[in-house]
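Below is one structure; the comments refer to it alone.
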Amino acid sequence: MRILFMGTPEFAQVSLQALLDDGRQVVCVITQPDKPKGRGYEMAMSDVKKLALEKSIPVHQPVTLKDGAIMPLLEEYRPDIIVVVAYGQILPEYVLNFPKYGCINIHGSLLPKYRGAAPIQRAVIDGEKVSGVTSMYMEKGLDTGDMLIKRELPISCEATAGEYHDALAVLGGEVLLETIDKIKEGTLTPEKQNDSLSTYASQLSKAEGEIDWNNTSEAIYNKVRGLNPWPMAYSFIGGKRFTIDFVYKCEQSGNPGKVLRADENGLIVGCGEGSVLIKDIKVEGKKKMSVGDYLRGHTIAEGTLLGKD
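Okay, here's the thing in structure tokens:
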């Protein structure tokens, strides 16, 4: 089966690697254009492009798919199936209708829950105990196509979004191979999604990383995990912003945002319900360090309020 692969980030790269490791015929890759990245704003290629070039697979990076932009590519490569994993654009109808076996997508949630751009992070932020991967036929809507194969994966109560992402990416590759085989065999029964059960996982933004200490310790705990490794949860101390990659829930209670204890073991900060222990921080302009190390050069008095005000 001639496969045209469309994907961009690391999550998609894992699926592409699974296809290649299994000896599948990937005739070309379509990925997003290179973008400036880092402090120097140097142009950086996507994870999928890096792998494709390494394996000498033709790579194309159209700015748009509209108005038949990639029809010449489709006619050149004649894919039997198009695989889409976190590509970053909705496919127009002429693309959806081109391949014999259709266009399939690997999505990082148990659809119809968490349609959209950030299903893995939103599941962790919401405190879900289990999520997974769904393969589906693609249609014009956003993650609304008929489902093919679903596989669950428990979310560890201590897992960050980054850790869960990596585990889910591997599962996605496995589901992709199984889906392609069963489509070719004709042994799949597509299942329509129940739109009334759908939820939307909107893209993450840096602004939503700020911690609202009025929330419960459980909600803050999940938010910090869900925003790691990007964009990271943060707060302010003495007018300076600091990021947090993990917190621990505590039973101690106190005013929201109030430092209840500051010592070698970390900061205990009051929440709307309960409190959290912060062991490591990264204050702007400094490297990440333990709270104990930070306190050797700075004073954080008990009763200090965290936040902008």
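In terms of this note's numbering, the sequence shown opens at residue -6 and continues consecutively. Built from N, CA and C at the ideal position, the CB exists for glycine as well. Just so we're clear, the structure is a prediction, and the values are computed from it rather than from any experiment.
Annotated as proximal: T209 and C264, with beta-carbon spacing under 8 Å. Distance from the CA atom of S198 to the CA atom of V117, rounded to whole angstroms, is 16 Å.
With 16 or more other CB atoms across the displayed protein chains lying within 10 angstroms of its CB, C21 is buried. Taking every protein chain shown into account, the CB of G33 has fewer than 16 other CB atoms within 10 angstroms, so this residue is exposed. DSSP places Y193 in the strand class (E or B) of the three-state scheme.
Excluding residues up to 5 positions away in sequence, N221 and P222 lie with their Cβ nearer than 7 Å to the Cβ of G155 in the same chain. With respect to L104, S124 sits apart: the two C-beta atoms are not nearer than 8 Å. When the alpha-carbon of G250 is set against those of M36, D27, A294 and G165, the nearest one is in A294.
If you look at Y287, you'll find it in the alpha helix (DSSP H) that goes V284 to L288. Scanning its chain for C-beta atoms nearer than 8 Å, with the 5 sequence neighbours on each side dropped, one finds around L190 the residues P105 and K106, in chain order. Around the beta-carbon of N215, 16 or more other beta-carbon atoms lie within 10 Å, marking it buried. Counting only runs of at least 3 residues, the segment 51 to 86 fully encloses the following beta strand (DSSP E) elements, listed from N- to C-terminal order: 74 to 78.
Taken in chain order, the complete alpha helix (DSSP H) segments of 4 or more residues contained in the segment 119 to 190 are 154 to 178.
Note that the segment 222 to 234 does not touch the segment 136 to 149; fewer than 3 beta-carbon pairs, one per stretch, sit closer than 8 Å. Every beta strand (DSSP E) of 3 residues or more that sits fully in the segment 199 to 274 is shown, in chain order, as 226 to 230, 233 to 237, 241 to 243, 252 to 256, 259 to 263 and 268 to 271.
If you draw a straight line from the Cα of K30 to the Cα of K42, it comes to about 15 Å. In the same chain as Y80, and ignoring 5 residues on each side of it, the C-beta atoms closer than 8 Å to its own belong to M(-1), G0, T1, A5, I23, T24 and Q25, in chain order.
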